[in-house]
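Here is the structure we will look at.
Numbering (the UniProt record's numbering), first residue to last: 1 to 123.
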């Protein structure tokens, strides 16, 4: 895909390439991809945590310097290519789990009636 000031998703659509998407604002993870090689910038990618965005930079550096497989993630709807890219589409649940799985895995929050009483008393 040629580099330009156009979102990756828009560029793909103009070439009749169908990619998954939903919000087009970088807030969900429907258009999330695993970056296998290349570089991009995605300043408006709110749907990906800073941790996953920084993994993209680290992985891309490693893939260029050490030829290692990249495991970074990006959102196509708000990503701009800055080099040739090779990406792999993902199930949006994978990215969601990577971001929030450690919290979900802890199980439900225990109810604390005393804290609830204190909170209700403040109203």
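Idealized CB from N, CA, C, for every residue including glycine. Since the structure is predicted, the reported quantities are computational estimates derived from the model, not experimental observations.
Query, Result
"Relative to the C-alpha of residue 86, which residue among 43, 48, 106 and 74 is closest?", "74"
"What's the gap between the Cα of residue 53 and the Cα of residue 72?", "7 Å"
"With a threshold of 16 other CB atoms inside 10 Å of the CB of residue 30, please say whether the residue is buried or exposed.", "buried"
"Starting from residue 14, trace the alpha helix (DSSP H) in both directions and tell me its first and last residue.", "8-14"
"Which residues in the same chain as residue 94 place their Cβ atom closer than 7 Å to its Cβ, once the five residues preceding and following it in sequence are excluded?", "none"
"Mind checking residue 45: buried by the 16 CB within 10 Å criterion, or exposed?", "buried"
"Within the same chain, show all residues whose beta-carbon is closer than 7 Å to that of residue 82, passing over the 5 residues directly before and after it, in chain order.", "3, 39, 40 and 41"
"Flag this pair as yes or no: are the beta carbons of residue 77 and residue 111 separated by less than 8 Å?", "no"
"Distance, Cα to Cα, residue 11 vs residue 19?", "11 Å"
"At the level of alpha carbons, what is the spacing between residue 6 and residue 80?", "6 Å"
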